[in-house]
Each structure stands twice: as C-alpha cells, then as structure tokens.
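Student: What follows is a single structure, and I will ask about it in a moment.
Residue numbers (UniProt numbering): 1 to 450.
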C-alpha cells in the first residue's frame, strides 16, 4: 500500500528518540553540567547539535525544547546556585522571562542550528561547514541565552556581547562538541549503518512484522514507569527517615529538595531503560527484516509464495476493513515454455524479472505482489479502486510487458476476482484460478473480471 514519507523513516525516528533520551540523561546527571561558581557550564546542548547535523531542524528544535524544560525544572530546586534561579519561573520574580530564558532560547537554538546544518548539507565543503558549526554552536547557544537573559533580566548586566567574554573552559566544551558530532556523523554514515538503516526502513513492508512485540514493549515500559514512580516516593521518604534517625533536622524545604532529586534520578533512569527497550526493538526489527528478505523470491525480487499468502491472510484478518471490497488478481505468463525453448533459459529468467518489475511498478502502490509459481504471479489490491481504474492499470501493464523481448511479444492472462473482506486464501486462489483459465480459454493475452 502507499506509504507516506515520514512513515518510511523509522530508523531516523529511532535515532531521534535515542538522542532525546541522551538529552534527558545529560540534563539530569553530571554529564550535562559543569558547576563553576557562580554559574553552571553546560554540555547538554550537544545532542541538539548532533540532531541538527544528522536529522534536521525539526528534530533539533524538539530536543532543544526538552533541554529547556529540563533546565527549568532543575533550576526550580531550592539548593541551586543563586544565578541559576533566574531559569526558574518560581524563584526569578519574572516567570515569563524565565520561561523565555530556559525554554525559548533553547528552542530557538535548536531551530537555528538545525537550519544552518540543513543549508550546508550537500554543499561542496559540507564537512568543513559541519566542523565550523559544531565548534561555534557553543557560542551560538551562549549568544541566544545571554541575549534573552539581558532582555528579561537586565539587572544582572548580561547582554549578547557577554558571549565573547567566555574563557578556556568554554573552548574545551566546544572541542568536546566537535568531537562528538564528528563521531556521530562518521558512525551514522558508515556503509554498514546505512545498510542497517535501509533494512529497518524497508522492514515496514514486512507482513510478518507483528504488533505483539510493540504491545509487549509498551506494557513493559508502563510497568517500569509505575514501579519507578512508586520507588521515587518511597526512597524520598526513606531518605528523610534516615536523616532523622541520624538526628538531622529535616525541614519541609529539605524534604522537597530530596523529592526533587529523586525525580531527576527517576527521569534519568527511565531514559536509560527507554534506550534499552529501543535497542531491543531495533534488533527485533532487523531480525524480522532478515527473515522477510529470506522469503523474497530471489529471481524476481517480489514476495515468494509463502510470504505473499501470509500477507494476504494478515490483510483478511484486519477488522477495520471487514465489509470492504478488494481485488485479487491471478496472472500467468502466456506461452512461457515456448519462450524458454526458443530464446533459452537466460532469456526466460530475464522475462520473468522484467514481468515482475512491471507488475510491481503498476500494482504495488495499491497492494502486494507475489510470485506463487514458476510463471504465475498474484496481486492483492488493498486500496479502494473502481473497475474502470483497474482495467486501465491492466491495459497499461499489457502494453509495458509486450516489449520485454524483441523476438517475441510477451503477454499474459489475468483472472480478476472482486471480493468482500474477509475471504479465506483458499477461496481467493480457487476463484481466481477458475477465472484465469477462462481468460486462457478466451485466447490468452486478456483479462476476465468476475
């Protein structure tokens, strides 16, 4: 069936979600922040840059949003250093300014860096452009943050020009960003990874791909989240109890901060769990694709008999289309034995390959194509199509295959069965086989619709 472009990018979705999880881990652990009084330096912007480089501005903007929300949450703790409290709408005295600073500047940074990467992609000096952008992204991020900070909190004395007062530590972080962007870029564009990417994306057409694994993974994820939430409350409570047992006076403020830290730990652990589940799903997807590829007809590249019939069975069991009408086509190459005898087996194989190619081009946008016998093929039309439209498609197909061989005119007979979902595979094959022989009896090179 026809697939939209975004649906074909499953591997890219995996990469995006992986970077999203890494962003959460960096935002809520020591990996994303270096504390130097009176402020904190951040490396948590790096996943945004990687997303902009590998994926695009939309993905980098969304990860920037996550970074902004995470920084706003962390700044809302009572124990943060004084200058960081301006990132919290609870304690800054300017809630809108804090939201613009924490979230707005990071979202804008994600969009800008992603857009700049999209401009240089495909250019002659793309690699140099990536290096330069990776290096200066630290200053782009700082410029946007300082500019918003100066506009919303002018009393602190920061402006966009404060970016140029950054020191050696910021330069080291910029080099760190360059290193990780380069590593990610090289890994992403490795030939082996690109083959894996194609495999995962193409596996969307695998009729053996079961939704059960997704349901199981979702159930496990939900269970982990529930356990983690209850554990967070429990350990926050036990931490308070432990401190009291050691005769430490635990105020309400301390209790809130303990819970705040536990929530940060919870989010980081959930992100790690999500990466694990995502990795398992990617492995499963690849294994199912390899299984699918093993049942593709080697000569023609279309589905083999077992794979095609299994796909048709899966379609019939879809409750959403029960009562709808579909088409099932059974095709037989006319006089194929004579083509083999006259032109040789190599020409015969080439005829089948070209026949299958034209069949895919004509009908695969509307359903599934399979080779069910030596010179026999079948098509399941899964989309709504009028008889007139189907006849036009078949006439065009007859015209296309006629020129496969110069020495002979290639033709085929087609039996077409109009059915109402659901039907058994046996019934579909029996009916179309009867109609196919009727087409042969009519002189071949034609179709019969019943």
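The beta-carbon is built from N, C-alpha and C at its ideal position, and this holds for glycine as well. Note that the structure is predicted; figures quoted are calculated from it, not measured.
If you check the beta carbons only, do residue 180 and residue 302 fall under 8 Å apart?
Tutor: Contact: no.
Student: With the cut-off set at 8 Å, would you say residue 328 and residue 385 are in Cβ contact?
Tutor: No, Cβ-Cβ distance for residue 328 and residue 385 is not below 8 Å.
Student: Return yes when at least one heavy atom of the ligand GTP lies under 7 Å from the C-beta of residue 81, else no.
Tutor: Among the components modelled here there is no ligand, and therefore nothing to report on the ligand GTP.
Student: Pick from 67, 281, 157 and 271: whose alpha carbon is nearest that of residue 216?
Tutor: Of the listed residues, the one whose Cα sits closest to residue 216 is 281.
Student: Buried or exposed: which applies to residue 470, given that a residue is buried once 16 or more other Cβ atoms fall within 10 Å of its Cβ?
Tutor: One cannot answer for residue 470 here, as it falls past the ends of the chain, which runs 1 to 450.
Student: Per DSSP, what are the beta-bridge partners of residue 333 in this structure?
Tutor: Answer is 412.
Student: Based on Cα-Cα distance, which residue from 354, 90 and 140 lies nearest to residue 48?
Tutor: If we check each option's Cα against that of residue 48, 140 comes out closest.
Student: Taking C-alpha atoms, which residue in 362, 438, 410 and 63 lies nearest to residue 397?
Tutor: Of 362, 438, 410 and 63, the residue nearest in Cα terms is 362.
Student: Hey, how far is the Cα of residue 56 from the Cα of residue 121?
Tutor: Roughly 10 Å between the two C-alpha positions.
Student: Under the three-state reduction of DSSP, which class applies to residue 306: helix, strand or coil?
Tutor: The answer is helix: DSSP assigns residue 306 an H, G or I state.
Student: DSSP state of residue 382, grouped into three classes?
Tutor: Note: residue 382 maps to coil in three-state DSSP.
Student: Are the CB atoms of residue 257 and residue 78 nearer to each other than 8 Å?
Tutor: Going by C-beta atoms, residue 257 is nearer than 8 Å to residue 78.
Student: Which two residues bound the contiguous alpha helix (DSSP H) that contains residue 290?
Tutor: From DSSP, the alpha helix (DSSP H) with residue 290 extends over 252-294.
Student: Only counting the same chain, and skipping five residues up and downstream in sequence, which positions put a Cβ closer than 7 Å to that of residue 94?
Tutor: Same-chain partners within the cutoff: 152 and 153.
Student: Pairing CB atoms from the segment 256-274 with CB atoms from the segment 332-349, are three or more of them under 8 Å?
Tutor: No, they do not touch.
Student: In the DSSP assignment, what are the bridge partners of residue 183?
Tutor: Per DSSP, none; premise fails for residue 183.
Student: Determine, using beta carbons only, whether residue 377 and residue 370 come nearer to each other than 8 Å.
Tutor: Yes.
Student: Ignoring anything shorter than 4 residues or poking outside the segment 57-114, list the alpha helix (DSSP H) runs there in chain order.
Tutor: Runs found: 57-75 and 95-99.
Student: Using a beta-carbon distance below 8 Å, is residue 289 in contact with chain B?
Tutor: Of the protein chains in the structure, only one exists, and it is not chain B.
Student: So, at 7 Å on beta carbons, what are the nonlocal neighbours of residue 17 in its own chain, with the 5 sequence-adjacent residues on each side left out?
Tutor: Excluding residues within five positions, the ones whose Cβ falls inside 7 Å are 278.
Student: Counting Cβ pairs closer than 8 Å, one from the segment 156-171 and one from the segment 112-129, do we hit at least three?
Tutor: The segment 156-171, when compared against the segment 112-129, does not touch it at the 8 Å Cβ threshold.
Student: Less than 8 Å between C-beta atoms, sequence neighbours within five positions excluded: which residues of the same chain meet that for residue 295?
Tutor: 303, 304, 306 and 307.
Student: How many angstroms separate the CA atom of residue 412 from the CA atom of residue 374?
Tutor: If I take the Cα positions, the gap works out to 14 Å.
Student: Helix, strand or coil for residue 164? Go by DSSP, reduced to three states.
Tutor: Residue 164 falls in the helix class under three-state DSSP.
Student: Indicate the three-state DSSP secondary structure (helix, strand or coil) for residue 43 in the structure shown.
Tutor: Correct three-state label for residue 43: coil.
Student: Run through DSSP, which three-state label would residue 445 get?
Tutor: Three-state DSSP puts residue 445 in coil, outside helix and strand.
Student: Is it buried or exposed, residue 82, if we count other Cβ atoms within 10 angstroms and call 16 or more buried?
Tutor: By the 10 Å Cβ count, residue 82 comes out exposed.
Student: Would you kindly report the start and end of the unbroken alpha helix (DSSP H) that includes residue 369?
Tutor: First-last for residue 369: 367-371, but that is the beta strand (DSSP E), not the alpha helix (DSSP H).
Student: Considering only residues of the same chain and omitting the five flanking positions on each side of residue 184, which have a CB-CB separation below 6 Å?
Tutor: Excluding sequence neighbours, residue 184 sits near 50.
Student: Taking DSSP as the reference, what is the three-state secondary structure of residue 206?
Tutor: Only weak support exists for where residue 206 lies, its pLDDT of 48 falling under 50; the coordinates are left without a value.
Student: In terms of alpha-carbon separation, which member of 417, 434 and 333 lies closest to residue 405?
Tutor: Measuring from the Cα of residue 405, the nearest candidate turns out to be 333.
Student: So what's residue 405 in DSSP terms, helix, strand or just coil?
Tutor: In the structure shown, residue 405 sits in coil (DSSP, three-state: anything other than H, G, I, E or B).
Student: Assuming residue 262 and residue 222 form a contact by the criterion Cβ under 8 Å, report the distance between their Cβ atoms to the nearest whole angstrom.
Tutor: That belief does not hold up - the Cβ atoms of residue 262 and residue 222 are roughly 20 Å apart, past 8 Å.
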